[in-house]
Each structure stands twice: as structure tokens, then as C-alpha cells.
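Everything on this sheet refers to the single structure shown next.
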Amino acid sequence: MVELQSKITSVDPVWDQIRSDAEKAVADEPLIGGFVHATILHHASIEKALSYRVAAKLASNEMSMMVVREVVEQAYADDPTLVQAARADLVAIFERDPACHRLLQPILYFKGYQAIQAYRVGHYLWTQGKFDLAYFFQMRISEIFGVDIHPAARIGKGIMIDHAHSIVIGETAVVGDNVSMLHSVTLGGTGKEEEDRHPKIGDGVLIGAGAKVLGNITIGHCSRIAAGSVVLEAVPPCKTVAGIPARIVGEAGCDQPSISMNHMLGPWED
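First residue of the sequence shown? That's 191 in my numbering, and the numbers climb one at a time after it.
Structure below.
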């Protein structure tokens, strides 16, 4: 029985699908074969592929790819929830982004996905008291992806950051599970406060492009923030807010705004 169990290969349908997507991509476009093999097909698991991808993006003359990869792999070994969150983020993008047709795409091409995985390692380092290394990760994420997330910020799983240009998330911000946001979103402070000073975003929230949420305020679960809004006051759950400054203009319109990705104001709204 022990010998039989040792021969049983664990099943990982997500990783199997990613590898299948990669093989088809190489068959369809041989010119990217080296890139796809190095990033996906040379690896035995999704965490190995992610450690390679994150290291390849963050490496610089100041810290080699080998060193960055060792840091990422150690983080994954110490905290399996990092990879669990990475899987949830991957599925979230595949389900919510109409431009994502294969599970392979976010790992290879989508900087929002890559940036959030790099942030997750930086946050792990922060929680371990490795502050300078965490700051290094933050710096490189900002330089490479145009995404500036303080490593102390707390972000849940199932996150989709679409386009991911000019995202700013401050030190004491908290983002719940299954949140979707578009480009140019800021979760920031309102001045020079040094304590808890950034927004708390509930589960299932949809944040439109260019929205600014400022101060230690709570955005209730399953709410919507319209594109271009400036939110300065707390938002109740399941509401839609819009404007500068933002005000409640109606209900959220569905149970899970972050999944439906519907940014249009309904007929009941101003």
C-alpha cells in the first residue's frame, strides 16, 4: 500500500491547464517557445513558475534573479497561503476579464497579476520583520509595473487589478477578498497622519478607473465606486457612489459587483 501511494501523482487541474495552454501557445507561435518554456514548461508546479516569473521581473543590477528567486521560494515554502491567493487571483482574472482567454495569460503578460504576486511576497517579508527587503520589493514593483503598494498593506485573495497602471495603495490600507479595481485607483491618506490613515475596502467591492478613496474610511462589502470618483466618507454595504466628492447614487445593482464588473449606472441612479 505504501509503495502504491508513493506512485500516485497529485492532481492539479489549474497547473495542468496552464501547461496545456503553454504547449498550445508554443505550437501556435514557435518564436515565443524559449520564453514559454523558461517561464512555464520547465517547471513542475505553479509556485515554481511564479517564483521564476516574479524573480525575472524584479531582478536588477542591484539584486540578481537568483537571489530574488530564493527569497520568493522561501516565502512560498514558509507560507502556503501565498500560493493559494495566487491561484484565487488567477481564477478571478480569468472569470472577470473579457480579455483573458487562457489561464496562461496573467502569468506571462498581465502586469496587474504579476504585481500583486510580487506584493504578496513583499508583505510576507514585512510580517517577518525584513523591512528593508520588503521596501526593495516595493521599489522594484513600482519601477517595473507602475504599481505602488506599501508592503504593510493587507490585501485579500481573488483580486483583479485590470490594466494596473498607476495603482497606489497605502501602508494601513486593507482590501478584502474578491475585490476588482481598474487603473489609476488610489487608496490613500488625507494628510500627514502617522497612524491608521488609509481606507478599508470590504469584500466584493468594484472600484472604477481613476477612483480615489482617501482616509481611514470603510467601504462596505459589495459596493461600487464609479470611475473618477473621490470618496472621502464611509460607504454602506451594497451601494453605488459616484462624483467629486462621491455620494450615494443608488444600490449596487447585484450581489457581487466585483464579479459582474458592471460599471454602468442603473436607471434608478442619477
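All C-beta atoms, glycine included, are put in the ideal place defined by N, C-alpha and C.
Each of Gln-304, Tyr-325, Asp-287 was checked against the Cα of Val-273, and the nearest Cα belongs to Gln-304. Fewer than three pairs of CB atoms, one per stretch, sit closer than 8 Å, so the segment 264-280 makes no contact with the segment 330-342.
Burial of Lys-390 is indicated by the presence of at least 16 other C-beta atoms within 10 angstroms of its C-beta. Proximity to Gly-433 across Pro-447, His-411, Gly-398 peaks at Gly-398, based on C-alpha coordinates. Boundaries for Ile-222: no beta strand (DSSP E) harbours it, and the DSSP string shows neither H nor E there. With respect to Ile-236, Asp-202 sits close: the two C-beta atoms are nearer than 9 Å. Judged by DSSP secondary structure, Thr-362 falls outside any alpha helix (DSSP H); it is assigned neither H nor E. Secondary structure note for Gly-440: its beta strand (DSSP E) is the uninterrupted segment 437-441. Beta-bridge partners of Arg-414 (DSSP): Leu-396, Thr-430. With a 10 Å radius around the Cβ and a threshold of 16 neighbouring Cβ atoms, His-313 comes out buried. Boundaries around Val-262 are those of the alpha helix (DSSP H), 255-268, since no beta strand (DSSP E) includes it. In the structure shown, Arg-344 adopts extended strand secondary structure according to DSSP, grouped into three states.
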